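So the protein sequences, as listed, match chains A and B.
Read left to right, the first sequence gives residues 3 to 466 (my numbering).
Read left to right, the second sequence gives residues 2 to 266 (my numbering).
All residues carry an ideal CB built from backbone N, CA and C; glycine is no exception.
Computed from a predicted structure; not experimentally measured.
Below: the structure, in structure tokens.
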Amino acid sequence: MRAVVKGRVGVFYLQGFLDGNNAPSFLTIEDIKATEELNIDMLLVSLKKVIFFNKNGLDVFVKLLTNVRNHQHITVGFCDYDHAKFNIINTFYKDGAGFSLFKSQEIAELFTASNKGESRTVLLYNEDPSQRSAMAIELFDYGHNPIMTQSKHEFEEKKKNPELYYAIIEDTNLGVYGQKVATRVTGNAIIYTISQFLDAEISDTFNLSYHQNSLNVGFRLFIFDAYKVISMNVHALNFFTKLASSAAEYNASICFVGLSFEKTPESFKNDLEDAGLMFFDNMDEILKNKELLQELGGGGGTAAKQSRSLNKSLVNELPQFIEATVSTIAMMTNATAIKNSVNIQTLTIPGTNDQYASSIGFYGDIDGLIILIFPKKIAKKACELLIGDENASEEEVLDSLAEFVNIIAGRAKVLLTAKKHLLDITLPRTYADINTLLEIAQNKKGVQVDLSFEGERFIFFLTR
Amino acid sequence: MITSEEIALYIQNIPATPAVVQEALNYARAGDLPKASKCASQDPVLKLYLKTLMNRPIYGFRNEVSDVAQIFGILGLATTQQTLYHYLLSLLTPKKWELFSLTNHQFYDLQASISKHWEAILTHLKINDKEIQSAISLIPASIIVCEALFAKHKTEVAQLRSVKALDFNTILFRMTGSDLFDLSGEIARKWEMPSRISDLIRSASGTEKNLTGQERVLAQWMHLLLFYELSQSAYVSAGLNDFIDFKIEFVQDIYESFAQVVQYT
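As structure tokens, this is what we get:
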């Protein structure tokens, strides 16, 4: 069994009965290896469809989760259970086995980074005050708005109005929480929250691959929320200097906000400024100053000052990308997509209304960005198999579009790997408003392929 | 990936019930085991199937059982009918399983285990009905149909399932409007089995919302039994555990009784 990966969360979906006899059969050696190689921030086992489990059954997965956590420093645990199952797990692992428990996957996802800049209001309660505070801090660091209740009674009262909250968090425990730096997205800026004493460990806890992905999909402003940083040593200084150099290649800006130099040598500030990092006293200085935001790259429009040109190696592989797109549409809809024209040009979209777009980057032996633009009706049709509901909301359609473009990139990766090109793919990004995409991509030259599907036109655009 | 036309072609290509088996089934339904066994003996393939089946460890016979009359005598009326259905299904099993890592012997063991537990369940439910008892033998047909339709799309399904937890039954339904249990019901219809059987098979998917009374009870027990069997180590390894969606909320209220009946501890 393989984990299903959505965004940066991998989940094993088990069904039926889970005991010591059958549990090892869920995971072959290849499955374990594939799981250990996943590039994710959180690994969970869903118990939603498990009608019976015992400790021996859970132990098999706990062992895998612990291994993954020890090697990758990510959050691991179980999710999707009711109150009874929560109590049973806590009885089995009285002294704690180090994993996290999230009542639902929806709750777990609040504790991870995504490409979306949504701030959710959530109601929170845990009997243990330290757990309660830890969860509230993490949620806040991920850009959410936790309403922490101090007593069970207050929680039950507030719970009577569930419509006020995106999620109600109970029967949830962070356990030994992943050590990754918390990440959130605000508009076109990515905010990393760092704290305490920064040393060599920062290179383990900072998710470099997520940062690289973000650069590849067009983010250009990265802010380190450093209010809670006490001090840093020379190893951390080197780390941030290197990060600044790599950001310069993309013309991206890196800023520190709220960093105090009481216990950090002033000379570090000079070194970091020389490397191109900027310092601000508070977040609003950046986020509420539109001109500055635009200048730093967080406005989106001026993102790619140093636009990189198409190269031969990317154009040579164009057929693989088109094949991956066309065959994915055929697989998902049983209908054929027809290629109408291929041109090297800047992205040209006739009319920007009633369309959705999605993009996904890839990097490795070759690098670039795939952009797909669909009429809304066609996007919905193409994702019908994934959605399964004719009355799906815009959010569900956009989520499915991200999964759709992920499949396309996955297929392209397989085709290119067969030609000995090794590459990784970034998180997909979706756009409900085409203008947001145009702000990032309008000046980029690329290959535009106009395709039609059931008589409606859609655009495939490959660029760097 | 899979179209309604492919499904129609698949159903069309299902062989009709062989005359000998049909005749043996008619005698069994009429309660005439001697004539049923005489009839079954005329078909060497059926005879070999019965002999192989009866000597599988699950039946626990110390000496080899080889005479058809003796086999039918041991099985009794209802189980004979059930075994003849098993034989019909065996005509559809692939020579080589590609989608699921399964052998035909493992598949026959699954059929036998489901049948034995179903017998215990019906005793618990105090239901004494030959048709209901034998209906269970058609449940594994959904696995055969799944193998036949999806084997050549294994890679595509794996890519789809790497981003979304979709089971084969849901994929098929969303693409064609029919699910694996509908198709198993079609097979039962093609083999001229009573309509009650095809209805029962359809209900085992756990997705039918309008079930009431005994129909609903039987559907619940069938659905849970199927998942109990598919949670056995060999079938988990074969990739059968997640081929359909387990409707846990549909069976939650019978779990305690179920665990007692199948002696699951």
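Proximity below 8 Å, CB of residue i to CB of residue j
i	j	result
Ile8 of chain B	Ser179 of chain B	yes
Ser48 of chain A	Gly79 of chain A	no
Gln357 of chain A	Ile375 of chain A	yes
Tyr109 of chain B	Val22 of chain B	no
Trp222 of chain B	Phe259 of chain B	yes
Leu312 of chain A	Gly448 of chain A	yes
Ala220 of chain B	Glu209 of chain B	yes
Leu294 of chain A	Leu223 of chain A	no
Ala41 of chain B	Pro95 of chain B	no
Leu67 of chain A	Leu45 of chain A	yes
Thr419 of chain A	Gly363 of chain A	no
Trp119 of chain B	Gln134 of chain B	yes
Lys162 of chain A	Ile149 of chain A	no
Ala277 of chain A	Ala246 of chain A	yes
Ile42 of chain A	Ile76 of chain A	yes
Ala5 of chain A	Thr30 of chain A	no
Ile372 of chain A	Leu316 of chain A	no
Ile109 of chain A	Thr174 of chain A	yes
Leu239 of chain A	Phe270 of chain A	yes
Pro164 of chain A	Ile171 of chain A	no
Asp254 of chain B	Asp168 of chain B	no
Val236 of chain A	Gln107 of chain A	no
Gln141 of chain A	Tyr167 of chain A	Per the sequence shown, residue 141 of chain A should be read as Leu rather than Gln. In this structure, Tyr167 of chain A does not lie closer than 8 Å to Leu141 of chain A by Cβ.
Asn147 of chain A	Thr114 of chain A	no
Ala166 of chain B	Leu100 of chain B	no
Ser204 of chain B	Arg190 of chain B	no
Pro291 of chain A	Gly260 of chain A	It is Asn, not Pro, that sits at residue 291 of chain A in the sequence shown. No, the Cβ-Cβ distance between Asn291 of chain A and Gly260 of chain A is not below 8 Å.
Closest Cα partner of residue i within the set the options
i	options	result
Gln17 of chain A	B:Glu250, B:Gln43, B:Ala152	B:Glu250
Thr243 of chain A	A:Thr188, A:Ser255, A:Leu274	A:Leu274
Glu157 of chain B	B:Ile144, B:Ile172, B:Ser143	B:Ile172
Ile340 of chain A	A:Thr350, A:Asn318, A:Ile324	A:Ile324
Ile3 of chain B	A:Phe455, A:Glu392, A:Gln107, A:Leu387	A:Leu387
Trp98 of chain B	B:Leu241, B:Phe247, B:Val252, B:Gln261	B:Leu241
Thr188 of chain A	A:Asp33, A:Lys378, A:Val62, A:Leu289	A:Leu289
Glu111 of chain A	A:Asp391, A:Asp367, A:Phe54, A:Val11	A:Val11
Leu40 of chain A	B:Glu6, B:Pro16, B:Ser163	B:Ser163
Ala271 of chain B	B:Ile59, B:Ala17, B:Arg197, B:Asp254	Beyond the ends of chain B as shown, which are 2 and 266, falls residue 271 of chain B; an answer cannot be given.
Glu132 of chain B	B:Leu201, B:Phe62, B:Leu92, B:Val69	B:Leu201
Val2 of chain A	A:Tyr15, A:Val62, A:Ile34, A:Glu32	With chain A represented from 3 up to 466, any question about residue 2 of chain A goes unanswered, as that position is not in the structure.
Lys50 of chain A	A:Phe28, A:His73, A:Asn58, A:Asp84	A:Asp84
Leu60 of chain A	A:His73, A:Ala359, A:Pro26, A:Arg71	A:Pro26
Lys8 of chain A	A:Val451, A:Leu424, A:Asn408, A:Thr338	A:Asn408
Phe28 of chain A	B:Met55, B:Ser232, B:Gly61	B:Ser232
Any chain E beta carbon closer than 8 Å to residue i
i	result
Gly412 of chain A	You won't find chain E in this structure, because its protein chains are A and B.
Residues that residue i bridges to, as DSSP identifies them
i	result
Cys257 of chain A	A:Ile225, A:Met280
Tyr489 of chain A	Residue coverage of chain A in this structure runs from 3 to 466, which leaves residue 489 of chain A outside it and unanswerable.
Ile375 of chain A	A:Ala359, A:Ile461
Gln347 of chain A	A:Gly448
Tyr365 of chain A	A:Asp426
Thr123 of chain A	A:Asn147
Gly370 of chain A	A:Phe364
Thr243 of chain A	In DSSP, Thr243 of chain A forms no bridge with anything.
Met234 of chain A	A:Leu200
Span of the beta strand (DSSP E), counted from its first residue to its last, around residue i
i	result
Val13 of chain A	11-20
Glu458 of chain A	458-465
Pro148 of chain A	147-150
Leu49 of chain A	44-55
Extent of the continuous alpha helix (DSSP H) to which residue i belongs
i	result
Pro35 of chain B	34-42
Cys147 of chain B	142-151
Met334 of chain A	320-335
Phe88 of chain A	85-94
Gly100 of chain A	Premise fails: Gly100 of chain A is in no alpha helix (DSSP H) and is neither H nor E.
Ala20 of chain B	20-30
Ile34 of chain A	31-38
Phe101 of chain B	Counting along the chain, Phe101 of chain B falls outside any alpha helix (DSSP H), and DSSP gives it neither H nor E.
Using 8 Å as the threshold, is the stretch 429-444 of chain A in touch with the stretch 321-328 of chain A, meaning 3 or more CB pairs across them?
no
Taking 8 Å as the cut-off, does the stretch 413-427 of chain A touch the stretch 11-25 of chain B (at least 3 CB pairs, one atom from each stretch)?
no
Between the stretch 217-232 of chain A and the stretch 190-205 of chain A, can you find at least three pairs of beta-carbon atoms closer than 8 Å?
yes
Count the C-beta pairs between the stretch 79-99 of chain B and the stretch 25-39 of chain B that are closer than 8 Å, then say yes if the count reaches three, no if not.
yes
State whether the stretch 124-138 of chain A contacts the stretch 87-96 of chain A, with contact taken as three or more CB pairs (one from each stretch) at a distance under 8 Å.
no
Pair every Cβ in the stretch 134-141 of chain B with every Cβ in the stretch 185-201 of chain B, then say whether three or more of these pairs are closer than 8 Å.
yes
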